[in-house]
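J.: Sharing a structure, written as structure tokens. Questions coming.
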Amino acid sequence: MRIATWNVNSINARLETVLSWFEEAQPDVACLQEIKCVDEKFPTEAFERLGYNVAVHGQKTYNGVALLSKTPLEDVTRGLGGDETDDHARYIEGVISGPTPVRVAGIYLPNGNPVGTDKFTYKLGWMSRLNAHARGLLALEEPLVIAGDYNVIPEPADVHDPAAWTGDALFQPETRAAFRALKWLGLTDAYMAADGSPGGYTFWDYQAGAWPRDLGIRIDHLLLSPKAADRLAGVVIHRGVRGRDKPSDHVPVVAELDLSF
DNA sequence: ATGGTAGACCTTCTA
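The first sequence begins at 9 in the working numbering and counts up by one.
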């Protein structure tokens with residue numbers, strides 16, 4: 009099973025680009041972030057024509073996540089618990105039906121910049137709530153994938169110039185510690201387990217020639233429960249997508265799970 | 001040099 013995560017930076021501005029990638033890459037499951045539209049504006053029919061079942065948790069202008077699957081989605085939930093005052097659309101979860109069901113959570117973790125503001129506090133609070141929720145999911149002892157734009161640079165090897173990012177919310181010690189705490193729960197970073205070579209960037213800023221100069225960061229991750237990690241067959245970062253017309257600033261990351269045993 | 005680009009949307013916010 010190929011499971012993809014991709015921050016598309018507006019699904020409607022990016023529809024042709026996204027659909028053509030889906031046709032060639034044929035992911036079985038996809039988590040999309042920053043769809044930047046309400047549920048009714050999501051191009052559901054276009055994905056249904058490609059054979060996908062669609063679940064959306066949208067929001068006007070900002071954020072918004074979607075979960076797509078070639079097999080039916082079950083037990084879909086929207087929103088991350090732990091704070092009733094949080095109205096950002098950043099979390100969607102469902103079970104991918106099949107002989108070996110896989111629970112998939114798609115996340116758009118807050119950016120958190122600038123550091124020292126309530127935005128950074130919100131980011132750390134969101135990570136704490138994700139930790140609490142993941143703890144409960146892991147107790148189910150299922151194949152589980154938590155995939156999305158984490159807005160976390162885990163290690164210096166995941167950024168072209170660590171010194172240039174020391175003041176950024178994505179690379180703060182507290183941010184990195186919260187990401188490590190997720191892994192300590194028993195989650196495996198799929199890219200590190202399958203490949204792990206430095207320079208596996210997933211995001212290049214639109215500004216200052218970041219893409220042609222390969223000034224990237226690795227912030228789109230798939231974290232796997234033990235029963236999902238046991239089946240991990242590989243991870244591919246589709247970096248070439250960044251060089252196409254009208255690209256998102258993120259590229260798709262695809263993990264392959266072997267569900268044949 | 002505090003620059004630069006992109007998207008939603010209505011003048012500025014988010015990234």
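Note that beta-carbon positions come from the ideal geometry of N, C-alpha and C, so glycine has one too.
Tell me whether the region 133 to 145 and the region 197 to 217 touch, counting them as touching only if at least three CB pairs, one residue from each stretch, are closer than 8 Å.
T.: Counting Cβ pairs under 8 Å, fewer than three are found: no touch.
J.: Report buried or exposed for L148, applying the criterion of at least 16 other Cβ atoms within 10 angstroms of its Cβ.
T.: Along the first sequence, read from residue 1 onward, the residue named residue 148 stands at position 140. Exposed, because fewer than 16 other Cβ atoms sit within 10 Å of the Cβ of L148.
J.: Run the CB neighbour count on G124, radius 10 Å, all protein chains shown included, and call it buried at 16 or more, exposed below.
T.: Indexing the first sequence from 1 puts residue 124 at position 116. G124 comes out exposed.
J.: Please list the terminal residues of the continuous beta strand (DSSP E) segment that includes W173.
T.: Walking along the first sequence from the start, residue 173 turns up at place 165. Counting along the chain, W173 falls outside any beta strand (DSSP E), and DSSP gives it neither H nor E.
J.: Enumerate in chain order the residues of its own chain whose CB-to-CB distance from T52 is below 8 Å, with the five nearest sequence positions on each side excluded.
T.: In the first sequence, residue 52 corresponds to position 44, counting from 1. Hits under 8 Å: V62 and V64.
J.: If you follow the beta strand (DSSP E) that H229 is in, where does it begin and where does it stop?
T.: Sequence index remark: in the first sequence, residue 229 carries index 221 (1-based). Start and end: D228 to L232.
J.: Is DSSP giving G66 helix, strand or coil here?
T.: Position 58 of the first sequence holds residue 66. G66: coil per DSSP, three-state reduction.
J.: With three or more beta-carbon pairs closer than 8 Å as the criterion, would you say the region 155 to 171 touches the region 216 to 236?
T.: In short, these stretches touch, since the Cβ pair count reaches three.
J.: Which of helix, strand or coil does DSSP assign to E82?
T.: Looking up residue 82 in the first sequence gives position 74. Strand, per DSSP.
J.: Out of R250, E92, M9 and A33, which has the shortest C-alpha to C-alpha gap to V110?
T.: Against the first sequence, residue 110 aligns to sequence position 102. Comparing Cα positions, the closest option is M9.
J.: Nearest to G89 by CA position, among L81, Y99, E82 and P80, is which residue?
T.: If you number the first sequence from 1, residue 89 lands on position 81. Of L81, Y99, E82 and P80, the residue nearest in Cα terms is Y99.
J.: Do I11 and A155 count as a contact pair if the criterion is CB distance below 8 Å?
T.: Position 147 of the first sequence, counting from 1, holds the residue named residue 155. Position 3 of the first sequence, counting from 1, holds the residue named residue 11. Contact: yes.
J.: At what residue ranges does the region 122 to 153 contain a whole run of the alpha helix (DSSP H), taking only runs of 4 or more?
T.: With a minimum length of 4 residues, the continuous alpha helix (DSSP H) runs that stay inside the region 122 to 153 are 126 to 146.
J.: Check each candidate in R184, N159 and Y60 and name the one with the smallest Cα separation from A116.
T.: Against the first sequence, residue 116 aligns to sequence position 108. Sequence inspection shows Tyr at residue 116; the Ala mentioned does not correspond to that position. Here the closest residue by C-alpha is N159.
J.: I'd like to know if the region 174 to 182 and the region 252 to 266 are in contact, where contact means that at least 3 CB-CB pairs between them fall below 8 Å.
T.: No, because fewer than three Cβ pairs between the region 174 to 182 and the region 252 to 266 fall closer than 8 Å, the two stretches do not touch.
J.: Which partner residues of V110 appear in the DSSP bridge assignment?
T.: For the purposes of this step, residue 110 is taken as residue 102 along the first sequence, with counting starting at 1. Beta-bridge pairing links V110 to I104.
J.: Give me the DSSP bridge partner(s) of Q180.
T.: Within the first sequence, the letter at position 172 stands for residue 180. Paired residue(s): none; Q180 is not in a bridge.
J.: Relative to the C-alpha of S28, which residue among D266, D253, L267 and L265 is closest?
T.: Here the question's residue 28 lines up with position 20 in the first sequence. Closest option to S28, Cα to Cα, is D253.
J.: Measure the C-alpha to C-alpha separation of R143 and V243 and round it to an integer number of angstroms.
T.: Stepping through the first sequence from its first residue, residue 143 is reached at position 135. Stepping through the first sequence from its first residue, residue 243 is reached at position 235. Near 24 Å, if we compare the C-alpha coordinates of V243 and R143.
J.: What residue from T69, D91 and S105 has the CA that sits closest to D83's CA?
T.: One-based indexing of the first sequence puts residue 83 at position 75. For the residues T69, D91 and S105, the minimum Cα distance to D83 belongs to S105.
J.: Are the beta-carbon atoms belonging to L5 and A54 less than 8 Å from one another?
T.: Residue 5 is absent from the model: the chain starts at 9 and stops at 269.
J.: Does DSSP put L76 in a helix, a strand or coil?
T.: Translated into the one-based positions of the first sequence, residue 76 becomes position 68. L76: strand per DSSP, three-state reduction.
J.: Is it the case that the Cβ atoms of T69 and L267 are separated by a distance below 8 Å?
T.: As a first step, residue 69 is located in the first sequence; it is residue number 61 there, counting from the start. As a first step, residue 267 is located in the first sequence; it is residue number 259 there, counting from the start. In this structure, L267 does not lie closer than 8 Å to T69 by Cβ.
J.: I need the DSSP call for F30, collapsed to helix, strand or coil.
T.: By one-based count along the first sequence, residue 30 stands at place 22. It is helical.
J.: According to DSSP, what are the bridge partners of E264?
T.: Start at 1 with the first residue of the first sequence, and residue 264 comes out as number 256. DSSP lists R10 and G242 as partners of E264.
J.: Using the three-state DSSP reduction, which class does A21 fall into: helix, strand or coil?
T.: Position 13 of the first sequence holds residue 21. Coil, per DSSP.
J.: Do you know offhand how far R250's Cα is from E32's?
T.: Taking the first sequence and counting its residues from 1, one reaches residue 250 at position 242. Taking the first sequence and counting its residues from 1, one reaches residue 32 at position 24. Cα-Cα distance, rounded: 15 Å.
J.: Please report the straight-line C-alpha distance between K44 and Q67, rounded to a whole angstrom.
T.: Position 36 of the first sequence holds residue 44. Position 59 of the first sequence holds residue 67. About 6 Å.
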